[in-house]
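Trainee: The numbers in this note's numbering rise by one with no breaks, and the one at position 203 of the sequence shown is 203.
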Amino acid sequence: MVQCAQPSGYLIDNTDCDDSDVSINPQTPWYVDADSDGFGDSATTLVQCTQPSGFVRVSGDCDDADLQINPDTTWFADLDLDGYGDDLNSIVQCTEPSGYLLVAGDCDDLDDTVSPDAIEICDGIDNDCDAGTPETGMVSFEDVTGLMDVSSYFSGGGVGAPVSVVLADPGELNFCDGDYYVNIEVTANATLRGINNPTLHGEDAAPVVSVYTDGITVRLEGLTLSDGIGAAFSYYTGGGGLFCDALASVEIVTPSSRTTAQCKGAGNGGGVAINECSLDMLDSEISYNAASSGGTSSSPRARCSSMAPPSTTTPRRRVAAWPSPRPPPAPLDMIDKSLVTRNSSTGQGGGIYVLGSLAPMPT
Ligand SMILES: [Ca+2]
Ligand SMILES: [Ca+2]
Ligand SMILES: [Ca+2]
Ligand SMILES: [Ca+2]
Numbered sequence: 001m002v003q004c005a006q007p008s009g010y011l012i013d014n015t016d017c018d019d020s021d022v023s024i025n026p027q028t029p030w031y032v033d034a035d036s037d038g039f040g041d042s043a044t045t046l047v048q049c050t051q052p053s054g055f056v057r058v059s060g061d062c063d064d065a066d067l068q069i070n071p072d073t074t075w076f077a078d079l080d081l082d083g084y085g086d087d088l089n090s091i092v093q094c095t096e097p098s099g100y101l102l103v104a105g106d107c108d109d110l111d112d113t114v115s116p117d118a119i120e121i122c123d124g125i126d127n128d129c130d131a132g133t134p135e136t137g138m139v140s141f142e143d144v145t146g147l148m149d150v151s152s153y154f155s156g157g158g159v160g161a162p163v164s165v166v167l168a169d170p171g172e173l174n175f176c177d178g179d180y181y182v183n184i185e186v187t188a189n190a191t192l193r194g195i196n197n198p199t200l201h202g203e204d205a206a207p208v209v210s211v212y213t214d215g216i217t218v219r220l221e222g223l224t225l226s227d228g229i230g231a232a233f234s235y236y237t238g239g240g241g242l243f244c245d246a247l248a249s250v251e252i253v254t255p256s257s258r259t260t261a262q263c264k265g266a267g268n269g270g271g272v273a274i275n276e277c278s279l280d281m282l283d284s285e286i287s288y289n290a291a292s293s294g295g296t297s298s299s300p301r302a303r304c305s306s307m308a309p310p311s312t313t314t315p316r317r318r319v320a321a322w323p324s325p326r327p328p329p330a331p332l333d334m335i336d337k338s339l340v341t342r343n344s345s346t347g348q349g350g351g352i353y354v355l356g357s358l359a360p361m362p363t
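(1) Beta strand (DSSP E) containing residue 141: first to last residue?
(2) Hey, would you say the C-beta of residue 129 is under 7 Å away from at least one heavy atom of ligand 4?
(3) Can you tell me whether residue 281 is buried or exposed, with buried defined as 16 or more other CB within 10 angstroms of its CB?
(4) Helix, strand or coil for residue 153 per DSSP?
(5) Between the stretch 101-110 and the stretch 76-93, do three or more beta carbon pairs fall short of 8 Å?
(6) Which residues in the same chain have their Cβ closer than 8 Å to the Cβ of residue 196, if we skip the five residues on either side of it in sequence?
(7) Take residue 167 as the anchor and find which of 26, 211, 101, 65 has the nearest alpha-carbon.
(8) Given residue 146, which residues of its chain have a CB within under 8 Å of its CB, disregarding the five upstream and five downstream residues?
(9) Would the beta-carbon of residue 115 be found less than 7 Å away from any heavy atom of ligand 2?
(10) To which residues of the same chain is residue 140 closer than 7 Å at the C-beta, ignoring the five residues directly before and after it?
(11) Going by C-alpha to C-alpha distance, which of 57, 126, 129, 22 sits closest to residue 36?
(12) Can we count residue 82 as close to ligand 2, meaning its CB is less than 7 Å from some heavy atom?
(13) So, with DSSP's three-state summary, where would you put residue 25?
(14) Do residue 102 and residue 48 come within 8 Å of each other at the CB atom, strictly closer than that value?
(15) Under 8 Å: do the stretch 154-165 and the stretch 214-226 share three or more Cβ pairs, one atom per stretch?
(16) Output the distance between the C-alpha atoms of residue 275 and residue 209, rounded to the nearest integer angstrom.
(17) Mind checking which residues open and close the beta strand (DSSP E) that includes residue 91?
(18) Are residue 71 and residue 39 touching if we call contact CB-CB under 8 Å?
(19) Are residue 62 and residue 94 closer than 8 Å when you measure CB to CB?
(20) Using beta-carbon positions only, say whether residue 55 and residue 75 come within less than 8 Å of one another.
(21) How is residue 39 classed by DSSP in three states: helix, strand or coil?
(22) Check whether the Cβ atoms of residue 227 and residue 194 lie closer than 8 Å to each other.
(23) Distance check for residue 200 and residue 245, CA to CA, integer angstroms please.
(24) Within this structure, are the beta carbons of residue 78 and residue 99 separated by less than 8 Å?
(25) Run through DSSP, which three-state label would residue 180 get?
(26) State the DSSP-derived secondary structure class of residue 74, mapped to helix, strand or coil.
(27) Please state whether the Cβ-Cβ distance between residue 191 and residue 213 is less than 8 Å.
(28) Can you tell me the Cα-Cα spacing of residue 65 and residue 9, whole angstroms?
(29) Are residue 165 and residue 153 closer than 8 Å when you measure CB to CB?
(30) Compute the Euclidean distance between the alpha carbons of residue 50 and residue 91, then round it to the nearest angstrom.
(31) Using the beta-carbon count (16 or more within 10 Å), is residue 33 buried or exposed?
(32) Ends of the beta strand (DSSP E) at residue 197?
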């Protein structure tokens, strides 16, 4: 417009290259954006109207050599220092905050053994931060040195062909969900724990769990013991699920799910038989067992209708071996909140048989 008086909204200066944007004019600063993340380095500027190549209007890039780092960057806290941050604990800023990472994915940022790099182990915890990785068929053992995977000791058994394992190490043996075909002799203070209701099958070769070692305490939690067959003690046989013939203490307890002995041990005490052993049962179940006092059984289940001696020919595999302290057995014979049902016997003790216990109880 050419005229003498200045019209409203007009200037003498005609150097504005973008008259539609009030922020762009000959005094506009442009910031170099070497990593092309949309944020420029405020240390290198050009002031001009038109946008220089490689420059942007927005400054604030604290690292112009890394396009991952700019004011929009999300940093994840890594409290346990395992190299993975907590998705739910983050900060958005350019400079790296102390104790934060660019990598998320830690499902437990208070446990450095849990991260996407960890290997799944049987412990009821999602170790590898992938809920799709099952614990099925896995077994772990925990002692003073920590938790280790011992699945291979138990994975070799199958229907009709159980493996024999001697648990000679004090500690806790954890079975995750699944079926295990095994006869276990426990010779040290130990807890055998089921996580998510596994079943241990004795496969008519021997009791599922047997104890012959004086002075130890054995605890069973959350396990179903199935298809074991009784062993011999004194003039009797029995204990297809649990057989204890020692001055030992056995506790069958389970705070969350029931320990169930569904073994059909022929002889006396289809499910549990103890001799001199202290037995303490809480919230447990002994059911569907059969026993007889003769060479034949009244078992309603054919698989358990015959008696067999404890397996002596199968080489026993050792989980570990070192001497354990031997406390005196606890005289704690009691049965509380437990179900003993649907057991049958032509002799003594269809479900439980006690011979020479420290404090004999009714069967
Ligand atoms: Ca950058
Ligand atoms: Ca972490
Ligand atoms: Ca972690
Ligand atoms: Ca786990």
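Here a beta-carbon is modelled for each residue, glycine too, at the ideal position from N, C-alpha and C.
Mentor: Straight from the coordinates:
(1) 139-143
(2) Within 7 Å of the C-beta of residue 129 there is not a single heavy atom belonging to ligand 4.
(3) buried
(4) Residue state, collapsed to three classes: helix.
(5) The answer is yes - the stretch 76-93 touches the stretch 101-110, with three or more Cβ pairs under 8 Å.
(6) 124, 135, 176, 177
(7) 211
(8) Cβ-Cβ distances below 8 Å link residue 146 to nothing in the same chain once the five nearest sequence neighbours on each side are left out.
(9) Yes; taking the cut-off as 7 Å, the Cβ of residue 115 has a heavy atom of ligand 2 nearer than that.
(10) Annotation for residue 140: 121, 122, 123, 147, 148, 149, 150, 174 place their beta carbon closer than 7 Å to its own, counting only its chain and skipping 5 residues before and after.
(11) 57
(12) Yes.
(13) coil
(14) no
(15) no
(16) 14 Å
(17) 90-92
(18) yes
(19) yes
(20) no
(21) coil
(22) Taking 8 Å as the cut-off, the Cβ atoms of residue 227 and residue 194 do not count as close.
(23) Between residue 245 and residue 200, the alpha-carbon positions lie close to 20 Å from each other.
(24) yes
(25) strand
(26) Of the three classes helix, strand and coil, the one that applies to residue 74 here is strand, per DSSP.
(27) It is not a contact, given that the beta carbons lie outside the stated cut-off.
(28) 43 Å
(29) yes
(30) 35 Å
(31) buried
(32) Looking at the DSSP string, residue 197 is not in any beta strand (DSSP E), and its letter there is neither H nor E.
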